[in-house]
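Asker: The structure's right below; bear with me while I get my questions together.
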Amino acid sequence: MKTTKYLFVIISLAITLQSAIAAEEAIGINFFDLANSGLGSTTCWGDPKCYVYLGGSATFTRCSTNYVPVNMSIGAGSLVFTTKKPSGSYWNVQFKLDWGHSVNFLRYGQTPLLHLRVKWGTIASGADVQIYLTDDQSIKDLYRLYNGTGTSYSNQSAYVTLSNYVTPSTSVWQDVYIPLSDFLINNPNLDITRIGVLQISGAGTYTSTNTMYVEKMRVVPSVASQYSDMIKVNQIGYLPNSKKLAIVSYESGAVSSPPTYFQVRDAATGDIVFQSYSLVLKTGADDQSGDIVRHADFSAFTTPGRYVVTCPEIGQTSQAFDIRSDVFDEVFRDSLRFFYFARSGQAIAAPYAEGYTRPAIYTNNTTCAYDYDDNASDKMYDYDPNNIGITARDVQGGWFDAGDLHLDVHNNVTSLWVLMQTLDRFKNKLGPNVLNLPESNGSTNDMVLLIKWGLDWLKKMQNPDGSVHFIVYAPSGVYSYQKISDISTGSACVAAGTFAKAYTLFSTIPGYETYASDLLTRSQLSWNWLSTHTTNYNPVSPGIGEWSYRINDDTSFRSFAAIELYIATGNSTYRTFFETAYNSTGNPITAFPGIDDGVGASGSSSYYNYVAMLTGINGITPGYLDYANTTRPVTESIRTAIKNAFITSANQLVSRASGGSATYRVPMLMFNDLYWGSSGVLCGNAYVLLQAYEWTGTTTYRDTAIDVLDWVCGRNPVSRIFITGDYSDYLHGTDHYSFYMFDHLNPVPGYLCGNINMLSGYLLQPYIKYSWKYYLNLQNAAILEPCLPWQANLCFLLGYFADDLKLPDTIDIAYLSEFSSAWLTTPADAGWNPNCDIAVPPDLIINFKDFAVLANQWMNR
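Quick note: the sequence shown uses numbering that gives the first Met the number 0, first residue 0, plus one each step.
Below, the structure written as structure tokens:
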């Protein structure tokens with residue numbers, strides 16, 4: 000998909016279209032650069048940004064406690080290193096980003112450079128400076144501890160000497176560019192994909208004062224460091240007949256005159272295939288990118304192929320992208336396989352790993368100990384009432400909650416619900432062996448098997464009386480084994496509702512009738528337990544405190560369980576419970592922005608501020624959606640109110656994407672929605688939009704949902720794809736924060752990462768000026784952590800727009816031969832081949848409907 004030929008043409012276009020060179024600097028890593036920060040005037044550069052260390056008789060003129068002075072009258076504002084270093088002494092300053100979380104320097108170019116802009120106030124004879132880079136292997140060490148194999152990695156350091164690159168001068172500023180490859184010459188084991196500390200150390204011996212000023216200290220992609228991402232596109236691509244929008248954006252003053260037209264060019268030949276003089280200037284009150292933004296709409300161009308967008312007047316060319324009907328198929332499959340790679344207790348091994356192997360983690364969870372004594376009077380569940388020596392239970396399996404390695408019940412409620420919706424809605428796009436799971440058997444849809452893994456773990460968390468434990472986790476300071484917590488009422492609600500939802504789906508799958516029946520029995524068992532335990536209960540664990548996400552009222556979870564049980568059984572008892580809860584708290588729709596701040600059927604939890612977010616642990620949102628869509632008899636006024644509330648939410652998303660914040664067209668419910676997990680939040684917003692589209696037929700909702708895909712796949716202020724994998728070049732890709740998959744050079748594809756995380760401004764503002772550009776690929780959870788419900792939301796969104804995963808990679812002569820052999824067969828015939836029943840939906844006969852699909856895909860991949 001991304002060949003050398005394409006790269007050559009794109010580079011050639013960039014050289015050809017240099018009529019107005021951009022002045023904006025490329026995105027880099029600013030350890031110190033006040034001119035490009037949001038900090039403004041300052042007098043100290045201190046913790047957590049840096050810290051001064053001294054030994055022996057060395058001196059360092061500091062401000063405050065061990066901080067480096069900043070003099071705003073020198074250059075654009077400079078660090079001041081005023082030092083002495085007699086024999087036998089030392090001084091050094093450690094500079095960190097975000098409290099020392101590691102950074103992947105290769106995300107800023109394949110040949111990155113350390114850029115220092117320096118000048119001297121006084122030059123001491125014998126004075127020199129060494130610059131160290133130290134990587135951070137703590138996650139790899141922890142990973143081995145989780146595995147029970149101890150630690151074997153250690154942080155590596157490498158250094159260069161400044162005098163090898165510059166001669167000190169008190170009269171002129173000098174820009175010094177040090178290739179990071181020079182550090183690797185010093186120590187080839189340095190991992191520049193995980194740099195945690197940049198250190199400046201005194202070298203040589205000098206007893207007179209040496210004063211060095213540093214105006215900039217950055218990692219940049221090149222000496223020119225020219226910004227080349229003024230044209231943002233969905234780097235995965237566009238559907239032929241969908242909306243296609245590129246964004247042309249740059250900071251004020253970056254170009255001498257604004258562009259007036261744009262072109263779409265063939266990525267292989269450079270031929271112009273579409274041109275438009277409609278570059279629409281946009282402004283938005285919510286935009287915090289600092290950019291001037293124009294929209295380049297090429298929806299009218301529908302021809303499949305691989306293309307780039309160019310603006311010849313400013314010499315800019317976008318990343319290459321595809322236009323084709325199956326453009327989202329590969330990433331859809333990868334996004335589903337995330338749930339295989341996130342498995343606990345199972346080795347990720349060939350041939351299922353597809354090149355991304357890892358050992359099993361927590362195989363000892365077959366005998367997982369409780370974190371409390373069974374006779375503890377303050378615990379709700381007595382796991383050994385007869386005192387016969389029970390100390391552990393089998394809870395092996397399940398999916399790791401996020402980048403870390405705990406497993407909790409609540410984080411599965413939205414995840415499993417959305418995955419079941421994905422199966423129910425898009426099962427005809429999937430099929431046996433599509434996901435290459437260890438359980439794949441050639442006859443069962445792989446999505447069934449993927450979901451069953453999660454359900455089977457949930458079964459293990461349930462007790463014979465119907466109660467359900469909340470979490471499986473590693474105790475503080477202990478990594479090689481986990482413990483299981485006490486039960487919670489919320490967990491029993493999650494199990495009851497999820498099992499009931501699964502029963503409704505699995506009972507329609509041939510061969511799963513008995514399995515489905517057991518799920519319904521388990522659902523009713525937990526409901527019956529809840530009926531005798533009507534007070535909210537959250538477990539408390541040693542040294543941690545109260546579990547269960549600060550839920551102080553589980554009414555929303557009970558309502559979710561009641562809705563799903565009613566849909567599964569038709570028993571009016573469950574309907575009555577939900578509708579009574581719905582009507583008992585005043586305005587029943589929970590805190591839809593602009594409508595109500597009441598509690599409604601969601602109880603009084605303050606963990607989520609509004610119910611329209613289909614993400615996280617909020618079970619009532621999918622419950623409301625199922626109530627609104629069920630064919631069971633319901634109270635129509637409640638159904639209508641729920642639908643209207645979601646449509647109101649969808650209208651707000653449309654408004655924020657096309658009204659005041661129309662610049663980058665990001666469908667947010669609130670202006671500050673870009674925070675931890677915001678990619679998943681946006682994908683949940685897309686679900687709401689697609690639901691509104693299906694209720695109303697208004698295509699604006701569907702088109703706004705596509706805006707989410709465009710944003711996540713690169714049409715954003717930092718021009719990055721927030722999904723791991725080889726969908727673009729390395730520079731425009733992303734890493735993920737994970738304790739179980741951490742190879743940044745060969746990342747597991749399909750992981751939805753965080754986002755630009757504008758609310759991290761209190762951490763990153765000293766380094767980058769505009770909050771929508773805070774995204775630095777820091778290896779911390781707030782920027783890059785995946786999470787089960789966020790990932791499930793991505794799966795549904797991609798599945799909605801994907802084509803058909805059952806088709807082979809190439810529809811060619813070989814496939815035509817296979818198809819011909821199956822012509823006009825049905826499952827009753829010897830020549831039947833389900834892989835050739837490719838019409839959507841399949842009709843259990845290989846006929847002209849399938850041939851039409853084949854013809855449409857012919858030689859298209």
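Note that CB positions come from ideal geometry on N, CA and C, so glycine has one too.
Are the CB atoms of Ile837 and Asp828 within a distance shorter than 8 Å?
Answerer: As a position in the sequence shown, residue 828 is number 829, starting the count at 1. As a position in the sequence shown, residue 837 is number 838, starting the count at 1. Their beta carbons are not under 8 Å apart, which means Asp828 does not touch Ile837 by this criterion.
Asker: What whole-angstrom Cβ distance do Gly724 and Gly749 have, given they're in contact under 8 Å?
Answerer: Walking along the sequence shown from the start, residue 724 turns up at place 725. Walking along the sequence shown from the start, residue 749 turns up at place 750. Yes, they are in contact, since the Cβ atoms of Gly724 and Gly749 sit about 6 Å apart, within 8 Å.
Asker: On the three-state DSSP scale, how would you describe Thr204?
Answerer: Your numbering for residue 204 matches position 205 in the sequence shown. Thr204: coil per DSSP, three-state reduction.
Asker: Using the Cα positions of Ala640 and Arg655, report the straight-line distance between them to the nearest angstrom.
Answerer: Numbered from 1 along the sequence shown, position 641 holds the residue referred to as residue 640. Numbered from 1 along the sequence shown, position 656 holds the residue referred to as residue 655. If I take the Cα positions, the gap works out to 23 Å.
Asker: Assuming contact is defined by CB atoms lying nearer than 8 Å, are Ile67 and Val102 in contact in what I supplied?
Answerer: The residue you call residue 67 lines up with position 68 of the sequence shown. The residue you call residue 102 lines up with position 103 of the sequence shown. It should be noted that the sequence gives Val, not Ile, for residue 67. No.
Asker: How is the beta strand (DSSP E) around Leu278 delimited, first residue to last?
Answerer: On the sequence shown, residue 278 is found 279 positions in, with the first residue counted as 1. It spans Leu278 to Lys281 - the beta strand (DSSP E) in which Leu278 sits, taken as one unbroken run.
Asker: If you draw a straight line from the C-alpha of Glu545 to the C-alpha of Val539, how long is it?
Answerer: Taking the sequence shown and counting its residues from 1, one reaches residue 545 at position 546. Taking the sequence shown and counting its residues from 1, one reaches residue 539 at position 540. Taking the straight line joining both Cα atoms gives about 4 Å.
Asker: Go to Gln93, then tell me how far its beta strand (DSSP E) extends in each direction, as first and last residue.
Answerer: For the purposes of this step, residue 93 is taken as the residue at position 94 of the sequence shown. Note, Gln93: beta strand (DSSP E), Tyr89 to Phe94.
Asker: On a CA-only basis, which of Arg719, Thr629 and Asp328 is nearest Phe795? Give me that one, please.
Answerer: Translated into the one-based positions of the sequence shown, residue 795 becomes position 796. Cα-wise, what sits closest to Phe795 is Asp328.
Asker: Quick one: does the C-beta of Asp728 sit closer than 7 Å to a heavy atom of the ligand COA?
Answerer: The ligand COA is not part of the structure shown, which contains no ligands of any sort.
Asker: By the three-class DSSP mapping on this structure, what secondary structure does Gln856 have?
Answerer: Along the sequence shown, read from residue 1 onward, the residue named residue 856 stands at position 857. Three-state DSSP puts Gln856 in a helix.
Asker: Indicate whether Ser36 and Ile782 have their beta-carbon atoms separated by less than 8 Å.
Answerer: As a working mapping, residue 36 is identified with position 37 in the sequence shown. As a working mapping, residue 782 is identified with position 783 in the sequence shown. No, they are not a contact pair.
Asker: Following the continuous alpha helix (DSSP H) through Val412, name the residue where it begins and the one where it ends.
Answerer: Start at 1 with the first residue of the sequence shown, and residue 412 comes out as number 413. Note, Val412: alpha helix (DSSP H), Val412 to Phe425.
Asker: Contact check, Gln318 vs Gln234 under 8 Å by CB: the rounded distance?
Answerer: Here residue 318 is taken as the residue at index 319 of the sequence shown, counted from 1. Here residue 234 is taken as the residue at index 235 of the sequence shown, counted from 1. So it is a contact: roughly 5 Å between Cβ atoms.
Asker: Give the secondary structure of Cys752 by DSSP, where H, G and I count as helix, E and B as strand, and everything else as coil.
Answerer: Start at 1 with the first residue of the sequence shown, and residue 752 comes out as number 753. Coil.
Asker: Taking DSSP as the reference, what is the three-state secondary structure of Asn846?
Answerer: Within the sequence shown, numbered from 1, the residue matching residue 846 stands at position 847. Reduced to three states, the DSSP call for Asn846 is coil.
Asker: Tell me where the alpha helix (DSSP H) around Gly496 begins and ends.
Answerer: Here residue 496 refers to the residue found at position 497 when the sequence shown is read from its first residue. Thr488 to Phe505 is the extent of the alpha helix (DSSP H) around Gly496.
Asker: In chain order, what residues of the same chain lie with their CB nearer than 8 Å to the CB of Asp423, ignoring the 5 residues before and after it?
Answerer: In the sequence shown, counting from the first residue as 1, residue 423 sits at position 424. Counting only Cβ-Cβ distances below 8 Å, and skipping sequence neighbours, we find Leu504.
Asker: Would you mind working out which of Gly201, Leu434 and Ile28 sits nearest Leu53, comparing C-alpha positions?
Answerer: The residue given as residue 53 occupies position 54 in the sequence shown. The candidate whose alpha carbon is nearest that of Leu53 is Gly201.
Asker: Can you list, in chain order, the residues of its chain with a C-beta nearer than 7 Å to that of Ile483? Leave out the 5 residues immediately preceding and following it.
Answerer: The count along the sequence shown starts at 1 and reaches residue 483 at position 484. Only Cys367, Tyr369, Asp370, Arg392, Val394, His468 and Val471 meet the Cβ criterion.
Asker: Do the CB positions of Asp134 and Gln109 come within less than 8 Å of each other?
Answerer: Locating residue 134 in the sequence shown gives position 135, where the first residue counts as 1. Locating residue 109 in the sequence shown gives position 110, where the first residue counts as 1. Taking 8 Å as the Cβ cut-off, Asp134 and Gln109 do not qualify as a contacting pair.
Asker: Can you grab the Cα-Cα spacing for the pair Ile26 / Asp32, in whole Å?
Answerer: Taking the sequence shown and counting its residues from 1, the one referred to as residue 26 is at position 27. Taking the sequence shown and counting its residues from 1, the one referred to as residue 32 is at position 33. If you take the alpha carbons of Ile26 and Asp32, they lie about 12 Å apart.
Asker: Among Lys642, Leu673, Asn185 and Tyr382, which one has its Cα closest to the Cα of Glu693?
Answerer: Mapped onto the sequence shown, residue 693 falls at position 694. For the residues Lys642, Leu673, Asn185 and Tyr382, the minimum Cα distance to Glu693 belongs to Lys642.
Asker: Starting from the C-beta of Val936, find all residues in its chain whose C-beta is less than 7 Å away, skip the five residues before and the five after it, and write them out in chain order.
Answerer: Here the chain comprises residues numbered 0 to 860, so residue 936 is not present and cannot be evaluated.
Asker: Less than 6 Å between C-beta atoms, sequence neighbours within five positions excluded: which residues of the same chain meet that for Asn188?
Answerer: Within the sequence shown, residue 188 is the residue found at index 189, counting from 1. The answer, listed in chain order, is Gln155.
Asker: Which partner residues does Ala295 have in the DSSP bridge list?
Answerer: Along the sequence shown, one-based indexing puts residue 295 at 296. According to DSSP, which records beta bridges pairwise, Ala295 is partnered with Ala245 and Leu278.
Asker: Based on DSSP bridge pairs, tell me the residues matched to Arg342.
Answerer: Counting from 1 along the sequence shown, the entry for residue 342 is found at position 343. Partner(s): Trp398.
Asker: Just to confirm the assignment: which complete beta strand (DSSP E) runs, minimum length 3, are found wholly within the stretch 618-654?
Answerer: Complete beta strand (DSSP E) runs here, min 3: none at all.
Asker: Mind checking Val307: buried by the 16 CB within 10 Å criterion, or exposed?
Answerer: Looking up residue 307 in the sequence shown gives position 308. Under this definition Val307 is a buried residue.
Asker: Pro384: buried (16+ other C-beta within 10 angstroms of its C-beta) or exposed?
Answerer: The residue labelled residue 384 in the question sits at position 385 within the sequence shown. The residue in question, Pro384, is exposed, as its Cβ has fewer than 16 Cβ neighbours within 10 Å.
Asker: Only counting runs of 3 or more residues, tell me where the beta strand (DSSP E) segments fall wholly within the stretch 62-142, in order along the chain.
Answerer: List check, beta strand (DSSP E) in window: 67-70, 77-84, 89-94, 112-121 and 127-134.
Asker: Between Asn525 and Ala491, how many whole angstroms is the CB-CB distance? I'm expecting something under 8 Å.
Answerer: Position 526 of the sequence shown, counted from the start, is the residue given in the question as residue 525. Position 492 of the sequence shown, counted from the start, is the residue given in the question as residue 491. What sits at residue 525 in the sequence shown is Ser, not Asn. With 8 Å as the limit, Ser525 and Ala491 qualify as a contact, their Cβ atoms being about 5 Å apart.
Asker: What alpha helix (DSSP H) runs, 4 residues minimum, are completely inside the stretch 663-716?
Answerer: Listed in chain order, they are 677-695 and 698-711.
Asker: Using the DSSP secondary-structure output, state which residues sit across from Leu406 in a beta bridge.
Answerer: For the purposes of this step, residue 406 is taken as residue 407 along the sequence shown, with counting starting at 1. Its beta-bridge partners are Val471.
Asker: Given a cut-off of 8 Å, decide if Phe340 and Ile347 are closer than it, judged by their beta-carbon atoms.
Answerer: The count along the sequence shown starts at 1 and reaches residue 347 at position 348. The count along the sequence shown starts at 1 and reaches residue 340 at position 341. Cβ distance < 8 Å, so Ile347 and Phe340 count as in contact.
Asker: Are the stretch 783-803 and the stretch 406-418 in contact at 8 Å, needing three or more beta carbon pairs?
Answerer: Touching, yes, given that three or more Cβ pairs across the two stretches are closer than 8 Å.
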